[in-house]
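Undergrad: Take 1486 as the starting number for the sequence shown in the working numbering and just add one per residue. C-beta: ideal position from N, C-alpha, C; glycine also. None of the values given here were measured: they were computed from a predicted structure. I have a structure here, written as structure tokens, and I will follow up with some questions on it.
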Amino acid sequence: MLRVGVIGMRGIGNNHAAAYHKHPKAEVVAVCDIVAERADSSAPLYGAKSFHSVPEMLANVELDSVSVCSGGFENGGDHFEPVMQCLEAGLHVLCEKPLSNSIDCCRQMNAKADEKGLYFGTNLNHRFVPPAARAKKWIEEGKLGQLLLMNMTMWIGNPAETSPWFHIRALHPHSLDIMRFFCGDVKRVHAFFNKAPGRSGDKPSVCWSNAQVNLEFANGVVGHLTGSYDTNPEHNLERAEVMGTEGRFVLDDCFQDLIFYPRRGDELTHIRRSVFSNLNFGGTFDNRIHRWIDQVTAGVPRDEIEASGLEGYKVQAIIEAAIQSFEGSCVAEVEV
Ligand SMILES: NC(=O)c1ccc[n+]([C@@H]2O[C@H](COP(=O)([O-])OP(=O)(O)OC[C@H]3O[C@@H](n4cnc5c(N)ncnc54)[C@H](O)[C@@H]3O)[C@@H](O)[C@H]2O)c1
């Protein structure tokens, strides 16, 4: 049984706690939030003890693993402290994305997990859906031939104007993780951004809310990411298209629809959501967290953890290269 603590008990922390609560090999022993009422009101839902600081939680309950769902500036600024406290205390850590808005903090968290020999994962949940697994298998089996191109779109409506880089740092860990999941490590990046008018009322908009990013992968694939915070959230969330010498697939809306278009021959393979399950977006949290529980309780080698802390760091490194590219009007190397 994996004894779990969940840190940061708003919407996403409660998603994590509910996912652990459903799994037969996990028990939510503790929930923690610096806003006492948030931890206190969540604790009874999972039969957990409530704590109002991480050190207090670590001193009072026996845990194996935690989820860090603390958010903060650019949605990742508060993760560093609780992640480091829990790793230092010998606990495995699953951290929400973005791992951090600081690349140095991403590096330090991974170094601490390595030093302690602990599992460190990132909640890059969009890849934990059956159609993505099917598409990845097609790549591994050679159905697409040699990979050549990838297009990725991720767009939602988010009016928050908290910082210039909020959109790329907070949303695009997901899209870039899907790109890495299918095509591997990214070497070089070239990016353009713009700001939609009216995001800050009469004042000039703050956030670079639209992005067009070219990517060169280590295996020679050339890719493109389109991102936006200025679309209708009711519409399609994301689209991934990968093309090789023998055909291409389109994975639509994360888990809704997967189509393979062969280069030679006219028979399409069309896989629709209903064939898999009634998965919705909330279900991507269950899938990801249940995989984490299964891998941690099975004691897999640390480098086999899916959507690991290292992968969470690598997507942030691509994001920092995109910012560097735009600010310097140059092609930027991705440094990890
Ligand atoms: N994976 C996804 O699909 C997905 C979707 C949305 C948000 N997120 C991520 O989930 C995270 C949390 O999102 P949210 O909307 O619930 O955030 P939030 O800001 O609404 O809540 C964070 C909570 O953490 C608490 N907190 C902060 N520092 C703490 C600490 N040191 N100890 C204990 N509690 C602390 C805060 O008091 C707050 O209650 C963010 O990193 C966000 O980017 C992921």
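Say yes only if the C-beta of Glu1581 is nearer than 7 Å to one or more non-hydrogen atoms of ligand 1, and no if none qualify.
TA: Glu1581: yes, Cβ under 7 Å from ligand 1.
Undergrad: Mind reading off the beta-carbon distance from Asp1563 to His1537? Whole number of angstroms is fine, and I expect it under 8 Å.
TA: Between His1537 and Asp1563 the Cβ distance is about 15 Å, and since that is not below 8 Å, they are no contact.
Undergrad: What do you get for Val1535, buried or exposed, if any count of 16 or more other CB atoms within 10 angstroms of its CB means buried?
TA: According to the sequence displayed, residue 1535 carries Ser and not Val. When all chains shown are included, Ser1535 counts as buried.
Undergrad: Please list, in chain order, all residues of the same chain as Val1551 whose beta carbon is under 8 Å from its beta carbon, the five residues on each side excluded.
TA: For Val1551, where only same-chain residues beyond five positions count, the Cβ hits under 8 Å are Val1489, Gly1490, Val1491, Ile1492, Pro1567, Cys1571, Leu1576, His1577, Val1578 and Leu1579.
Undergrad: Measure how close the beta-carbons of Leu1603 and Val1706 come, nearest whole angstrom, since I'm counting them as under 8 Å.
TA: Between Val1706 and Leu1603 the Cβ distance is about 33 Å, and since that is not below 8 Å, they are no contact.
Undergrad: Could you give the DSSP three-state label for Cys1591: helix, strand or coil?
TA: DSSP places Cys1591 in helix when its eight states are reduced to three.
Undergrad: Pull up the distance between the alpha-carbon of Lys1799 and that of Arg1748, whole angstroms please.
TA: Going from the Cα of Lys1799 to the Cα of Arg1748 covers about 32 Å.
Undergrad: For Arg1673 and Ser1527, what's the separation of their Cα atoms in angstroms?
TA: So the alpha carbons of these two residues sit roughly 44 Å apart.
Undergrad: Ligand 1 and Cys1571: does the residue's C-beta get closer than 7 Å to at least one heavy atom of that ligand?
TA: Outside the cutoff, so no.
Undergrad: How many Å lie between Glu1646 and Ser1690 at the Cα?
TA: Roughly 7 Å separates the two Cα atoms.
Undergrad: Could you tell me which residues DSSP puts in a beta bridge with Trp1640?
TA: DSSP, once it has assigned bridges, lists Ser1713 as partnering Trp1640.
Undergrad: Can you name the start and end residues of the beta strand (DSSP E) that Ala1511 belongs to?
TA: Ala1511 -> beta strand (DSSP E) spans Ala1511 to Cys1517.
Undergrad: Cutting at 7 Å between CB atoms, please list the residues of its own chain near Leu1753, excluding the five before and the five after it.
TA: Once the five neighbours on either side are set aside, the close Cβ partners of Leu1753 are Ile1744, Phe1745 and Tyr1746.
Undergrad: Contact between the stretch 1721–1730 and the stretch 1682–1702: three or more CB pairs below 8 Å?
TA: No: the two stretches stay apart, fewer than three of their Cβ pairs being nearer than 8 Å.
Undergrad: Sorry if obvious, but does the Cβ on Asp1518 come closer than 7 Å to a heavy atom of ligand 1?
TA: Flag set: Cβ of Asp1518 near ligand 1.
Undergrad: My guess is that Ala1696 and Phe1678 are in contact by the Cβ rule of under 8 Å, so how many angstroms apart are they, rounded?
TA: With a Cβ gap of about 5 Å, Ala1696 and Phe1678 count as contacting.
Undergrad: To the nearest angstrom, report how far apart Ala1515 and Gly1712 are at their CA atoms.
TA: Going by the C-alpha atoms only, they are around 37 Å apart.
Undergrad: Taking the straight line between their C-alpha atoms, what separation do you get for Ala1807 and Lys1628?
TA: Ala1807 and Lys1628: Cα-Cα distance of roughly 31 Å.
Undergrad: Using only CA atoms, which one of Arg1787, Lys1621 and Gly1768 lies nearest to His1501?
TA: Comparing Cα-Cα distances from His1501 to each of Arg1787, Lys1621 and Gly1768, the minimum goes to Gly1768.
Undergrad: Drop a sphere of 10 angstroms on the beta-carbon of Phe1766, count the other beta-carbons inside from all chains shown, and report buried for 16 or more, exposed for fewer.
TA: That one is exposed.
Undergrad: Where does the unbroken beta strand (DSSP E) through Cys1580 begin, and where does it stop?
TA: That run of the beta strand (DSSP E) goes His1577 to Cys1580.
Undergrad: Answer with buried or exposed for Thr1730, where buried requires no fewer than 16 other C-beta atoms within 10 angstroms of its C-beta.
TA: So Thr1730 ends up on the exposed side.
Undergrad: When you compare only the Cα positions, how much space is there between Gly1784 and Asn1586?
TA: The straight-line gap from Cα to Cα measures roughly 30 Å.
Undergrad: Go to Pro1747, then tell me how far its beta strand (DSSP E) extends in each direction, as first and last residue.
TA: Asp1742 to Pro1747 is the extent of the beta strand (DSSP E) around Pro1747.
Undergrad: What I want to know is whether the C-beta of Ala1655 ends up closer than 7 Å to one or more non-hydrogen atoms of ligand 1.
TA: Yes, since a heavy atom of ligand 1 falls inside the 7 Å radius drawn around the Cβ of Ala1655.
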